[in-house]
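These notes are about the structure you will find just below.
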Amino acid sequence: MTDLRDRAYAERLDEQYELASFRERFYVQPGTYYMDGNSLGLLSRDAEAAVLNALDEWKTLGINGWMAGSPPWLTLGEELGRRQAALVGAEPDEVVATGSITTNIHALVASFYEPAGERRKIVATSLDFPSDIYALQAHVRLHGGDPARDLILVPSRDGRTIAEDDVIEAMGPDVALVIMPSVLYRSGQLLDIERLTAAARERGIPLGWDCAHSAGSIPHHFSDWGVDFAVWCNYKYLNSGPGSVGSLYVNRRHFDRLPALPGWWGYQRERQFDMLFDFKAASGAAGWQISTIGVLGAAPLIGSLDLFDEVGIERVRGKSLALTGYLMDLMNARGMLGPETGLAIGTPTEPDRRGGHVAVEHPEATRIVHALKARGVMPDFRPPDVIRLAPIPFYTSFVDVYETVRHLHEIIERGEYREFTEGRDLVA
Ligand SMILES: *Cc1c(COP(=O)(O)O)cnc(C)c1O
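Residue -7 is where the sequence shown starts when you use the working numbering, and the numbers rise one by one after that.
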């Protein structure tokens, strides 16, 4: 038996675990340990080929690409939505690729936030990603409300996680909408989507999910759970490139709801070019599109989804849990956690309560991140003290995790981080 702490143990895991061959399909830079796929997934050869194809079609087809592209650009948003439906447990016309997380939150909150009488409040969490909060504050203001009063941010009991009980507690008769992150961007806590969705539905409150940190990492069952709506980006776990198109989901029981921020890209496709002034929404999630899809930004997703088609999200999740579980076990086994080193893990350890990354906390996190980068490890930093490490099932090996942990341990043991200045880069 090799010891968990040995490199040979990681090598054995790489031999035993599936998906190892997919690493060849990605551009993994030699000598680096890329642990930031939760912020920006790496480029696959499949995504690259899809971009080159889109460029070639633009070159050769010009305007005809809207109809003759493969797939036709005109309905690319719908096509990519159909192809993502299985990832989130939706029906094909309930998902569309369009916009970005924040613009899609604006479009959907505009449609689902209908304050009336005493029911005026929006519930979110105190650990949310700021962009989501800016959007919610704006919608409260647009309806004449005061964010300080009408936006309830469920507090955290421990600074890391949000208790589902507290969210349900906040769903009072004065609440018109709830917006929740599926996985907290900092600690990596996975909320119980099914339970919270059921609780909101019992109270007649629509609940939208920001799945930035779960789409492409964790299986979802939106239809079975009765989720109202959801948004996510495709540049994190879905590996479709910086600023790539986002996606949104609308449950079909809401298909008769009018998109409140309409644009011609959400018009009934057959009549879009009739150029009429009375807005007729396309049926399904497609109606929430606003503007012309950015074909070059969306193209990588065409190739990236081929990988998910081949593997299936359940297997992606299985390996993700194995990689992150190993990461935490190894830190434990090496005795790296505790007051002596100052290192702690901020992510819940239970598999059904965590997403695809591990939050490692240390008061000197910014300097440690600089030291890790100098050694070829690519993590990211989230204030005040979190180093996020995300081993990605498609392209991160167990040996990569071993090396990441070893480098981190050496940096702490030798105090190497003291050689680096405090403070973070503009993009951390
Ligand atoms: C990454 C992320 C965003 C980013 O929003 P964009 O509009 O795509 O730039 C928003 N919310 C959460 C929770 C995120 O993790």
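Beta carbons are placed, not taken as given, at the ideal position from N, Cα and C, and that holds for glycine.
Would you please state the rounded distance, in angstroms, between the beta carbons of PRO84 and ARG74? I believe it to be under 8 Å. The pair is a contact, with the Cβ atoms about 4 Å apart (cut-off 8 Å).
Residues of its chain near GLU110, where Cβ-Cβ distance is below 8 Å and the 5 sequence neighbours each way are ignored: Cβ neighbours of GLU110 beyond the five flanking positions: PRO165, ASP166.
Given 8 Å, three or more beta-carbon pairs between the stretch 350 to 366 and the stretch 38 to 57: Counting Cβ pairs under 8 Å, fewer than three are found: no touch.
Sorry if obvious, but does the Cβ on GLY233 come closer than 7 Å to a heavy atom of ligand 1? Result no, Cβ not under 7 Å from ligand 1.
Tell me the rounded alpha-carbon separation between VAL132 and ARG195. 21 Å
Straight-line gap, ARG112 to PRO343 (C-alpha atoms, nearest Å): 36 Å
Considering only their Cβ atoms, is the gap separating TYR229 from GLY29 smaller than 8 Å? yes
With a Cβ-Cβ cutoff of 8 Å, do GLN422 and GLY69 count as a contact? Not covered by the structure: residue 422. The range shown for the chain is -7 to 420.
Does the stretch 82 to 96 come into contact with the stretch 212 to 231, if we say contact requires no fewer than three beta-carbon pairs (one atom in each stretch) closer than 8 Å? yes
Pairwise C-alpha distance: GLU395 and ALA363: 14 Å
Any heavy atom of ligand 1 closer than 7 Å to the CB of ASP166? Checking the 7 Å criterion, the Cβ of ASP166 is out of range of every heavy atom belonging to ligand 1.
Chain-order list of residues whose beta-carbon lies under 8 Å from that of PRO139 (same chain, five-residue window excluded): If we look at PRO139 and ignore the five residues flanking it on each side, its Cβ neighbours are LEU128, GLN129, VAL132, ARG133.
At which residues does the alpha helix (DSSP H) containing LYS311 begin and terminate? 305 to 325
What residues in its chain sit with their C-beta under 7 Å from that of ASP(-5), if we drop five residues either side in the sequence? Correct list, in chain order: TYR1.
For ILE93, is the beta carbon positioned less than 7 Å from some heavy atom of ligand 1? Answer for ILE93: yes, Cβ within range of ligand 1.
Heavy atom of ligand 3 within 7 Å of GLY180 beta-carbon: Annotation note on ligand 3: not contained in the displayed structure, which lists ligand 1 as its ligands.
Checking the sheet assignment: what are the DSSP bridge partners for THR117? VAL146
Check this for me: beta carbons of ALA162 and ILE144, under 8 Å apart or not? yes
How far does the beta strand (DSSP E) with GLY200 in it extend, from its first residue to its last? 199 to 202
Selected residue, minimal CA-CA separation from ARG187, among HIS205, ASP202, VAL219, CYS203: VAL219
Go through its chain and collect everything with a Cβ distance to VAL237's Cβ below 8 Å, but skip five positions before and after it. GLY69, LEU72, ALA89, THR90, GLY91, SER92, ASN226, ILE285, GLY286, GLY289, ALA290, LEU293
Using the three-state DSSP reduction, which class does SER215 fall into: helix, strand or coil? helix
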